[in-house]
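>
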Amino acid sequence: MDIDLADLRAHPSSDVFEEVLAEVADDVRELVGVGEVADYIPALARVPADRFGMAVADLHGDLHTVGEADRPFSIQSISKVFSLILATQRFEGDLWDRVGREPSGDPFNSLVQLEHECGVPRNPFINAGAIVIADVLSSCLADPLGELVALVSELAGAEIPIDGEVARSEASTGYRNRSLANLMKAFGNIQGEPDDVLDIYFAQCALTMSARQLATALRFLANDGVDPASGHRVLDVEKARRINALMLTCGTYDAAGEFAFRVGIPCKSGVGGGIVGVIPHHLTACAWSPALDRTGNSVAGRAAIEQLVERTGLSVF
Ligand code: GLU
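Using my numbering, read the sequence shown as starting at 1184 and increasing by one per residue.
1) Under a three-way DSSP split, which group does T1467 fall into?
2) Rounded to whole angstroms, what's the CA-CA distance from I1316 to R1416? Just pull it up for me.
3) Taking the Cβ atom as the reference point for each residue, do A1405 and T1467 lie within a distance shorter than 9 Å?
4) Measure the C-alpha to C-alpha separation of W1471 and N1365 and round it to an integer number of angstroms.
5) Give every residue whose Cβ lies closer than 6 Å to any heavy atom of the ligand GLU, listed in chain order.
6) At the level of alpha carbons, what is the spacing between R1351 and L1328?
7) Hey, A1394 and C1469: beta-carbon distance below 9 Å or not?
8) Since V1303 and V1282 are thought to touch, with beta carbons under 8 Å apart, how far apart are those beta carbons, to the nearest angstrom?
9) DSSP beta-bridge partners for A1240?
10) Suppose you measure from the CA of K1451 to the CA of F1370; what does that come to, to the nearest Å?
11) Does the distance between the C-beta of D1277 and the nearest non-hydrogen atom of the ligand ZN fall short of 8 Å?
12) Applying the 10 Å Cβ sphere with the 16-neighbour rule, what's the burial state of A1408?
13) Going by DSSP, which residues form a beta bridge with E1219?
14) Sorted by chain position, which residues of the same chain lie with C-beta nearer than 6 Å to V1211's C-beta, five sequence neighbours on each side aside?
15) Measuring CA to CA, which of G1440, I1314 and I1426 is closest to Q1259?
16) Check for me: the alpha helix (DSSP H) holding G1440 runs from which residue to which?
17) Ignore the nearest five residues each way along the sequence and tell me which others in G1153's own chain have a CB closer than 8 Å to its CB.
18) Quick one: Cα of A1474 to Cα of A1228, how far?
19) Could you tell me which residues DSSP pairs with V1409 in its beta bridges?
20) Report all residues from its chain with a CB closer than 6 Å to the CB of F1200; omit the five preceding and five following residues, and keep chain order.
21) Mapping the DSSP letters down to three states, classify F1512 as helix, strand or coil.
22) Expressed to the nearest angstrom, what Euclidean distance is found between the alpha-carbon atoms of F1444 and E1275?
23) Which same chain residues, not among the five before or five after Y1223, have their C-beta less than 7 Å away from its C-beta?
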């Protein structure tokens, strides 16, 4: 179809999104199932690879979907955005003394930089950084996991569950994450007991949400920190911008440069196959397809976000 881009930019809630999404689903059809489902967490290895769903939340509070946008999946690393939001809201110390703001250029579970950089992770979106954020949350909240689930549920407008089987499965095989936590403890950058902090981290990664719920929950990032449906301010404008900046530079592991080059919007991915993308002042999108490339990003999910940007002409640049 011919899309009137000027109209789309002027009226982001226009029905055009439904048509754009149908075309995007068509564009990526051949990529659905290409790649490998994450199998280092045994419970995730059972997820069928040939799934695809996508949702777009616009600034009028409307949702547009295609495919299996209501099928819940394991959000994995996308949970790192929510834990950072909670820490940004509630922690009164300087978070950035404990975790950096630079892309890592290394895989999400790498130990290499931590040794050289004295236990301070490069950013909050690699595993080491998210484990530090889990420690920060346990130091300032009586029930960090309960508060995190409450925040995610409030933002999504639905009760969001933790899949206990996925959390246990990861806990029983999470040797790298244990190494990261113990190394950071040795450097004094974890205050709690590493196993207690990891319990929170594994549970947050096992939050289970649909593409629709993720697009809904993070739509405030496209609207300067305010939920466009309720008018509720989740974060002040500077903090919302900074989360977007971190998503752009660090949200897709060691493929962040490639994502910025090809997709060009803030994104956060997870090894459950989800990718959330934000186009500030326009929309938040979530694409899900479980088969991953070797950097841990969904093949069809990335292509879908890329096509959405391409077809709408919306961008941060
Ligand atoms: N729970 C996963 C891990 O720690 C998260 C990784 C991801 O989604 O990138 O390995």
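From the three backbone atoms N, C-alpha and C, an ideal C-beta is built for every residue, glycine too. In this text, all values refer to a predicted model and were calculated from it rather than measured experimentally.
Answer, in terms of the structure:
1) Looking at T1467 - three-state DSSP - the assignment turns out to be strand.
2) About 22 Å.
3) Yes, the Cβ-Cβ distance between A1405 and T1467 is below 9 Å.
4) Distance between the alpha carbons of W1471 and N1365: 33 Å.
5) Sorted by chain position, residues whose beta-carbon lies closer than 6 Å to a non-hydrogen atom of the ligand GLU are Q1259, S1260, F1291, N1292, N1310, E1353, N1360, C1388, G1453, V1454 and G1479.
6) Looking at the two C-alpha atoms, the distance is approximately 15 Å.
7) The answer is yes: Cβ separation under 9 Å.
8) About 7 Å separates the Cβ atoms of V1303 and V1282, confirming a contact at the 8 Å cut-off.
9) By DSSP's assignment, A1240 forms a beta bridge with L1246 and T1467.
10) Distance between the alpha carbons of K1451 and F1370: 28 Å.
11) What this structure holds is the ligand GLU, not the ligand ZN.
12) Strictly speaking, residue 1408 in this sequence is Gly, with Ala absent from that position. By the neighbour-count definition (other C-beta atoms within 10 Å, threshold 16), G1408 is a buried residue.
13) For E1219, which the question treats as bridged, DSSP gives the partners L1475.
14) Answer for V1211: A1483, A1486 and A1487, listed in chain order.
15) Distances from the alpha-carbon of Q1259 to those of G1440, I1314 and I1426 put I1314 closest.
16) Where G1440 is concerned, the enclosing alpha helix (DSSP H) stretches over A1439 to R1445.
17) Residue 1153 falls outside the range modelled here, since the chain spans only 1184 to 1500, and no answer is possible.
18) Computed Cα separation, rounded: 10 Å.
19) For V1409, DSSP records a beta bridge to R1416.
20) Counting only Cβ-Cβ distances below 6 Å, and skipping sequence neighbours, we find V1239 and H1247.
21) For the chain, the structure presents residues 1184 to 1500; residue 1512 sits outside this window and is missing.
22) Taking the Cα positions, F1444 is about 35 Å away from E1275.
23) Excluding sequence neighbours, Y1223 sits near T1356.
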